[in-house]
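These notes concern the structure reproduced below.
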Amino acid sequence: KITENAKKSLASLKRENPRLEPTLAIIQVNYSPLVIISIFFWQVGLRVIHICLPEGSTKDEIVNEIVRLNEDPNVQGLALDLPESLCSSKVLNTVKPEKDVDGLSDVNLGRLVRGDAYDCLVPPTVCAVMELLEDLGGKTVLLVGASGAVGAALQCMLQREGAATVSCQWKAPQLQTKLHHADVVVFGSPKPDDVPVSWIKPGTTIISCSHGLLSEKHSYDQQNNHAAENTVGSLAIAMRMQNMVKKTERWIQSQQYRKWDLRCLKLQPLSPVPSDIEISRAQSPKAVDVLAKEIGLLTDEIEIYGQTKAKVRLSLLERLKDQPDGKYVLVAGITPTPLGEGKSTVTIGLVQALTAHLNINSFACLRQPSQGPTFGVKGGAAGGGYAQVIPMEEFNLHLTGDIHAITAANNLLAAAIDARILHENTQSDKALYNRLVPVVNGVRGFSAIQLARLRRLGINKTDPGTLTEEEINKFARLEIDPSTITWQRVVDTNDRFLRKITVGQANTEKGFVRQAQFDIAVASEIMAILALTTSLQDMKERLGKMVVANDKKGEPVTAEDLGVTGALAVLMKDAIKPTLMQTLEGTPVFVHAGPFANIAHGNSSVLADKIALKLVGEKGFV
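Here is the structure:
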């Protein structure tokens, strides 16, 4: 009956969530009778990952395996079938409470004792014992050899049903007396041979739940069949299945949009108003993981950078794809004041007023400031007065390194352009082709990006050995015209002496000298792409389409032609994630991208906006 109910519940959950694949991971050490159980679970609709560690595995090795499964978003439940000697508090409490199918962690047991029925799970073995026992009110139940988490949970559940519960070990001095007076005896561990069955009074119910779900059935031959003995193994397996259904239901709920539970920070305005930096430093920000939890982010959706910053993973967009967007407000400014003040301060003031004072979910999305203006006349861009992003120093300086990633990607592409021109000027077609398509372990093959270039050139071949001399020439040479190069190197500092430079003056560059320049990092086209992109794949495609120069026939040459698209994308893999920070009143802020408004769109990223619109809820504001 329990199994059939679990099967129906899982089928219902899968109908409502078509992509759901409930997964239970079971860790064992050198003990593998679980093949039948795995098939049994599979028939009910559960996927089972069976991890069997070698004999002699240490607690630390088991803990490492648990930590790995804790962080696996595709695993909803985790169970341990380990020898008693390995079931230490350290091992049991490593399992995340939200994945603890057997309910053996201290967190779960605490909730059980407190009577918090919704948040806790009763261990499967305990469930099985309680299922087998009826009408316990007023009866005396003796737990023998039942220690640890299972013993504690069993005692709690028995007392809740009105039974007088006594617990002792097999070597207890008054064991015979206790056995004789008990109405029900529960064996928590196998009965030693030196304890005769005759010590148990006739008619006593005996339940054996020695460690593990696969308890063996013991038979006690006693005249007149005075003792009835039940093993709980198969029933406990069904109960574990039932617990897994509950965990799956809670997992589905955790994936859905949750209301904010925001604790705002109190402002204490002073008169006269202190400087911005003094105001910023006077406030103690919340830990960023606390803020993330308050606004409904899951632990596996954030990557923490210190105490006050965290990257937010794009997987959130998939999780909340059915959640309606909030309202979208653009704060714009066209007044060209010398310090450019206005937009950030108004934006931060608005979200602090909406969230901290009117209890309306709101999210500020701001650009990351460039170090050029920060160390120049304009200064930082964290807002001002009592409407700021904090900590100001973190916000205005390196933040999480996104601008450094853009600098690295931009300058890698610039280096690839000059290197390609040098190699084409100094090598034959054959030598160039051998470098581009080298023999590796006796095999020569085109990479995916090279195959794409061949298709663009109209060469439909996949074997490097079959290209004609003319095709090798077309493939290997980009014939970049140096006078048309538009791709410049960048640095995120106002360094006026780099505005016009000469490159290639070393003897090793063989006389290839040209005039070039440095731009400021945030003026890179890669920054503009970061602000407009909608996914990692979209960013990769946009990066590949960037035109860096023309060839000698006047045709555009792109980053894709140079074969560096993958390298640029991997340098930007973390920069694509928005950074979560907070205002002076503890309301959430996304800081992401920073294209200048005079040469690009002057807006923070589309991705930060899209994520924020999901998080604020239908009635919230971004």
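Residue numbers (this note's numbering): 506 to 1127.
Each residue gets a CB set at the ideal place from its N, CA and C atoms; glycine is no exception.
As the structure is a prediction and not an experimental result, all values here were calculated from the model.
Here the stretch 1042 to 1050 does not lie against the stretch 968 to 983, with fewer than 3 beta-carbon pairs under 8 Å apart.
In the DSSP annotation of this structure, the continuous segment of the beta strand (DSSP E) that includes Lys816 starts and ends at Lys814 to Val817. Around the beta carbon of Ser780, fewer than 16 other beta carbons sit within 10 angstroms, so the residue counts as exposed. Rounded to the nearest whole angstrom, the C-alpha separation of Met1077 and Arg949 is 29 Å. If one requires a minimum length of 4 residues, the alpha helix (DSSP H) runs lying completely within the stretch 1052 to 1076 are 1064 to 1067 and 1070 to 1076, in chain order. With a 10 Å radius around the Cβ and a threshold of 16 neighbouring Cβ atoms, His1097 comes out buried. Just measuring C-alpha positions, the residue of Val690, Pro695, Asp699 and Pro697 sitting nearest Pro707 is Val690. One Cα belongs to Ile985, the other to Ala1074, and the distance between them is close to 23 Å. The Cβ-Cβ distance between Met746 and Ile911 does not fall below 8 Å. Within 10 angstroms of the beta-carbon of Asp805 lie fewer than 16 other beta-carbons, which makes it exposed.
For His685, the enclosing alpha helix (DSSP H) begins and ends at Leu680 to His686. Excluding the 5 residues flanking it on each side, Ile964 has same chain C-beta neighbours closer than 6 Å at Glu976, in chain order. Considering only Arg552, Val1053 and Glu974, the residue with the shortest C-alpha distance to Leu525 is Arg552. Using a Cβ distance threshold of 8 Å, Cys714 and Phe692 count as a contacting pair. Residues of the same chain with a CB within less than 7 Å of the CB of Thr813, apart from the 5 flanking positions on each side, are Pro790, Val793, Pro896, Glu899 and Met1086 in chain order. Rounded to the nearest whole angstrom, the C-alpha separation of Met1051 and Asn939 is 26 Å.
The beta carbon of Phe951 is closer than 8 Å to those of Val942, Leu959, Thr967 and Pro969 in its chain, skipping five residues each way along the sequence. In this structure, DSSP gives Val851 a helical state, which the three-state scheme calls helix. Closest by C-alpha distance to Cys673, out of Ala687, Lys935 and Glu666, is Ala687.
The closest CA to that of Val572, considering only Val618, Ala530 and Ser652, is found on Ala530. If the five residues before and after Glu1123 are omitted, its C-beta is found closer than 6 Å to the C-beta atoms of Pro829, all from its own chain and listed in chain order. Ranking Asp624, Asn866 and Ala658 by CA distance to the CA of Met635 puts Ala658 first.
By the Cβ-count criterion, Arg925 is buried, with 16 or more other Cβ atoms from all chains shown falling within 10 Å of its own Cβ.
In the DSSP assignment, His928 falls within the alpha helix (DSSP H) that extends over Asp907 to Thr931. Put simply, of Asn535, Asn510, Val1121 and Lys751 the residue whose alpha carbon is nearest the alpha carbon of Tyr833 is Val1121. Taking one beta carbon from each stretch, the stretch 1059 to 1073 and the stretch 993 to 1004 have fewer than 3 pairs nearer than 8 Å; the two do not touch. Pro588 has its alpha-carbon roughly 52 Å from the corresponding atom of Ala913. When rounded, the separation of the alpha-carbon atoms in His1106 and Cys870 is 15 Å.
In the three-state reduction of the DSSP assignment, Ile1034 falls in the helix class. Rounded to the nearest whole angstrom, the CA to CA distance from Trp765 to Ser694 is 47 Å. For Ser694, there is no enclosing alpha helix (DSSP H), since its DSSP letter is neither H nor E. Taking a contact as a CB-CB distance under 8 Å, the pair Ile853 and Thr1088 counts as one, their CB atoms being some 5 Å apart. For Ala869, the pairing in a beta bridge is given by DSSP as Val1094. Only residues of its own chain outside the window of five on either side were considered, and among them Asn613 have a CB closer than 6 Å to the CB of Asp605, listed in chain order. Our two residues, Leu641 and Asp611, have alpha carbons roughly 27 Å apart in a direct line. The three-state secondary structure of Phe546, taken from DSSP, is helix.
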